[in-house]
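Working notes, structure below.
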Amino acid sequence: MGVSPDTSSEQYRPFLPSPPQPEAPAPTFGFPVPSPLHDNPPAYLLLPVYPLQRRRRRRCCCIRVVSASSFLIAGVFFILLLASAILLLWPSNPELSVVRLRLNRFRVTPLPSVSIHIAIGLEIKIRNPDFFAIDYSSVVSSIFYRGELLGSVTSSGGRVEAQKVSYVDADLHLDGVRVLENAIYLIGDVAKGSVEIDTVTEAQGWLRLFFFDLPIKGKISCITRVNPDDQTISFQDCYPA
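Position 117 of the sequence shown, counted from 1, bears residue number 117 in full-length UniProt numbering, the numbering being contiguous throughout.
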């Protein structure tokens with residue numbers, strides 16, 4: 001049996017979307033318009049009715065600007081407050097100063113080997129500038145001549161309360177210490193009547209900040225010129241190192 005072309009076209013026709021339905025016309029109202037000059041029936045004016053659309057109220061953008069600027073100012077203020085607290089509470093090293101330096105004995109022996117005999121007394125002031133107490137384990141005072149270590153002495157430790165001071169005494173006694181590297185310079189300085197020595201004092205300890213122990217260290221150096229003839233100090237200059 002043969003199949004008609006109309007039937008085959010309808011059978012294999014693809015599914016197409018239905019055409020859009022025409023929109024319903026907007027409702028209209030008629031109003032009679034008087035026409036006194038003519039006897040014709042009254043004319044009507046047709047006015048379409050459009051649905052009212054409510055406008056959404058727009059929020060003022062200035063509210064967002066004010067809120068953003070308020071958050072920005074609050075953030076900057078918080079950062080400044082945090083930085084100030086860190087600067088105030090962050091520990092700093094103790095400040096050391098030499099209150100008194102006494103020369104008790106100074107003598108140089110040229111033969112059979114160049115040696116030095118010296119006795120110096122130091123009074124060190126330790127100042128704590130922090131808001132927390134510090135504990136120092138020891139105070140070490142050393143004597144140098146032209147960078148060569150002659151000897152050192154260690155004092156016992158202690159505790160310095162917040163924003164307080166403490167005093168430490170250190171006595172250095174060196175008897176017959178041989179000077180090897182700078183023996184010629186030492187003999188020349190003795191002949192000129194002025195021997196320059198360096199004293200270095202260092203305090204090490206820790207500061208307890210809440211649950212942490214932070215290491216601290218203070219150091220001071222002094223340049224001292226000694227007259228070996230009359231056993232006196234002719235010049236002294238101390239500075240933090």
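We put the CB at the ideal spot given by N, CA and C, even for glycine.
Residue 166 beta carbon less than 8 Å from that of residue 157 = Locating residue 157 in the sequence shown gives position 157, where the first residue counts as 1. Locating residue 166 in the sequence shown gives position 166, where the first residue counts as 1. The answer is no: Cβ separation not under 8 Å.
Same chain, Cβ closer than 6 Å to residue 118, five either side skipped, listed in chain order = Position 118 of the sequence shown, counting from 1, holds the residue named residue 118. Non-local beta-carbon contacts of residue 118 in its own chain, meaning distances under 6 Å to residues more than five positions away in sequence, involve 106, 174 in chain order.
ask   = Is there contact between the region 97–117 and the region 227–240, where contact requires at least three CB pairs shorter than 8 Å?
value = Touching, yes, given that three or more Cβ pairs across the two stretches are closer than 8 Å.
Neighbour-count burial assignment, residue 110, 16 or more Cβ in a 10 Å radius = Position 110 of the sequence shown, counted from the start, is the residue given in the question as residue 110. By the neighbour-count rule (16 or more Cβ atoms within 10 Å), residue 110 is not buried but exposed.
ask   = Hey, quick one: how far does the alpha helix (DSSP H) through residue 245 stretch, first residue to last?
value = Not covered by the structure: residue 245. The range shown for the chain is 1 to 241.
query = Is the distance from the Cβ of residue 219 to the Cβ of residue 96 below 8 Å?
reply = Residue mapping note: residue 219 aligns to position 219 of the sequence shown, counting from 1. Residue mapping note: residue 96 aligns to position 96 of the sequence shown, counting from 1. Taking the C-beta atoms as reference points, residue 96 is found nearer than 8 Å to residue 219.
task = To the nearest angstrom, report how far apart residue 185 and residue 142 are at their CA atoms.
result = Working through the sequence shown from its first residue, we reach residue 185 at position 185. Working through the sequence shown from its first residue, we reach residue 142 at position 142. Taking the Cα positions, residue 185 is about 20 Å away from residue 142.
Short Cβ contact (8 Å threshold) for residue 116 with residue 216 = As a position in the sequence shown, residue 116 is number 116, starting the count at 1. As a position in the sequence shown, residue 216 is number 216, starting the count at 1. Result no, Cβ atoms of residue 116 and residue 216 do not sit closer than 8 Å.
query = Among residues of its own chain, excluding the 5 on either side of residue 148, which ones have a beta-carbon nearer than 6 Å to its beta-carbon?
reply = Taking the sequence shown and counting its residues from 1, the one referred to as residue 148 is at position 148. Excluding the 5 residues flanking it on each side, residue 148 has same chain C-beta neighbours closer than 6 Å at 181, 182, in chain order.
Per DSSP, the bridge partner or partners of residue 202 = What you label residue 202 is simply residue 202 of the sequence shown in a count that begins at 1. The partner list for residue 202 (beta bridge, DSSP) reads 140, 219.
query = Span of the beta strand (DSSP E) holding residue 99?
reply = By one-based count along the sequence shown, residue 99 stands at place 99. That run of the beta strand (DSSP E) goes 95–109.
query = Pick from 68, 200, 131, 206: whose alpha carbon is nearest that of residue 239?
reply = Along the sequence shown, one-based indexing puts residue 239 at 239. The residue from 68, 200, 131, 206 with its alpha-carbon nearest to that of residue 239 is 200.
ask   = Helix, strand or coil: how does DSSP classify residue 151 here?
value = Counted from its first residue, the sequence shown places residue 151 at position 151. Reduced to three states, the DSSP call for residue 151 is strand.
ask   = Which class does residue 232 belong to by DSSP, given the choice of helix, strand or coil?
value = If you number the sequence shown from 1, residue 232 lands on position 232. Residue 232 falls in the strand class under three-state DSSP.
query = Over what stretch of residues does the alpha helix (DSSP H) that includes residue 168 continue unbroken?
reply = Indexing the sequence shown from 1 puts residue 168 at position 168. Not the alpha helix (DSSP H): residue 168 falls in the beta strand (DSSP E), residues 165–178.
request  = Would you identify the three-state DSSP class for residue 285, choosing helix, strand or coil?
outcome  = Within the shown structure, residues of the chain are numbered from 1 to 241, placing residue 285 beyond reach of any answer.
query = residue 156 bridges to which residues according to DSSP?
reply = As a first step, residue 156 must be located in the sequence shown, where it is residue number 156. DSSP lists 138 as partners of residue 156.
ask   = How many angstroms separate the CA atom of residue 136 from the CA atom of residue 169?
value = Taking the first residue of the sequence shown as position 1, residue 136 is located at position 136. Taking the first residue of the sequence shown as position 1, residue 169 is located at position 169. For residue 136 and residue 169, the distance between alpha carbons rounds to 14 Å.
inquiry  = Is it buried or exposed, residue 205, if we count other Cβ atoms within 10 angstroms and call 16 or more buried?
reply    = Taking the first residue of the sequence shown as 1, we reach residue 205 at position 205. With 16 or more other CB atoms across the displayed protein chains lying within 10 angstroms of its CB, residue 205 is buried.
query = Do you know offhand how far residue 155's Cα is from residue 125's?
reply = If you number the sequence shown from 1, residue 155 lands on position 155. If you number the sequence shown from 1, residue 125 lands on position 125. Taking the straight line from one Cα to the other gives about 13 Å.
query = Since residue 72 sits in a beta bridge, which residues does DSSP pair it with?
reply = Taking the first residue of the sequence shown as 1, we reach residue 72 at position 72. In the DSSP output, where bridge partners are listed per residue, residue 72 has none listed.
query = Rounded to a whole number of angstroms, what is the C-alpha to C-alpha distance between residue 129 and residue 94?
reply = Working through the sequence shown from its first residue, we reach residue 129 at position 129. Working through the sequence shown from its first residue, we reach residue 94 at position 94. One C-alpha to the other measures close to 7 Å.
message = Helix, strand or coil, according to DSSP, for residue 78 in the structure here?
response = Taking the first residue of the sequence shown as 1, we reach residue 78 at position 78. The answer is helix: DSSP assigns residue 78 an H, G or I state.
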